[in-house]
Amino acid sequence: MANNDMLIKLYDMEIDWSFISRQAQQQVTIRKPIGPDQRAILAWAEKHFPQTWLGEIQQALNNTPGSCFIAQRDSSLLGIACYDATALGFFGPLGVIESARGNGIGRSLAQSCLMDMRMKGYGYAIVGMAGTVDFYRKIADAVEIPGSSPGIYRSTLALKG
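Numbering (the working numbering), first residue to last: 1441 to 1601.
Next comes the structure, spelled out in structure tokens:
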């Protein structure tokens, strides 16, 4: 059975964007993608992450304003994080390519989305089917929502096929 959803109190988050400059010191840019990035991002995501993520990433790219952030070094994509992709108020997916893990990129991408959500007025974020429970506890003091698996995903076609 999949993991439960997790809840993050956005109103308790400190407003601090310094993680962006820390990533820049490592030559990693954290930013919101623009229209011309869309095809490259989807092709890259298809190579590195589960197929079920593609619809969510595309939704986040198409939201107005966009609801995702990417990490890149030069013209190479390293990671992506999205919100409002599965449902309003949901955070995810979040992914960093294996070769770039362990450098705070995932944390910076997650914080970018969560801060963006807070600045838009969200009080809470839900991490759907959180796979890395300890990660979310560590970066955002997230708590599991009992009995929430499979939650909103229970009737998706992706889980049926």
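Where a beta carbon is used, it is the ideal one built from N, C-alpha and C, also for glycine.
Predicted model only: the values in this text are computed from it and were never measured.
Confirm the yes/no value for this check: CB of residue i, any heavy atom of the ligand ZN, distance under 8 Å.
i	result
S1507	With respect to the ligand ZN, the structure shown offers nothing to examine, as it has no ligands at all.
Alpha carbon to alpha carbon, how far is residue j from residue i? Give it in angstroms, no decimals.
i	j	result
P1473	A1525	15 Å
R1513	Y1564	31 Å
S1539	R1471	20 Å
M1441	P1586	Confidence in M1441 is poor, its pLDDT being 44 and thus under 50, which makes the residue's placement unreliable; the coordinate value appears in the next sentence. Their backbone Cα atoms lie some 13 Å apart in a straight line.
S1458	T1469	13 Å
I1481	R1462	23 Å
A1485	Q1498	10 Å
D1477	I1510	10 Å
V1573	V1583	9 Å
Looking only at DSSP bridge pairs, what is residue i linked to?
i	result
K1449	Y1564
S1516	R1513
T1469	Q1512
Using the three-state DSSP reduction, which class does residue i fall into: helix, strand or coil?
i	result
G1535	strand
E1584	strand
A1521	strand
F1530	strand
I1545	helix
A1570	coil
W1484	helix
E1496	helix
Q1478	helix
G1591	helix
S1507	coil
Q1404	Nothing about residue 1404 can be read from this structure; the chain reaches only from 1441 to 1601.
If contacts are defined as beta-carbon pairs under 8 Å, then residue i and residue j qualify, I think. What distance do you get, rounded to the angstrom?
i	j	result
F1489	P1533	7 Å
Y1562	L1447	Wrong, their Cβ atoms sit about 12 Å apart, outside the cutoff.
Who are the near neighbours of residue i in its chain, counting only those whose CB is closer than 7 Å to its CB and skipping five residues on each side?
i	result
G1495	none
G1568	D1445, T1526, F1530, G1532, G1591, I1592 and Y1593
L1554	I1448, L1450, M1453, F1531, A1565 and A1580
G1506	K1472, P1473 and A1500
Ignore the nearest five residues each way along the sequence and tell me which others in residue i's own chain have a CB closer than 8 Å to its CB.
i	result
S1515	none
D1581	I1448, K1449 and D1452
D1556	S1507, F1509 and Y1523
In chain order, what residues of the same chain lie with their CB nearer than 6 Å to the CB of residue i, ignoring the 5 residues before and after it?
i	result
Q1551	F1459
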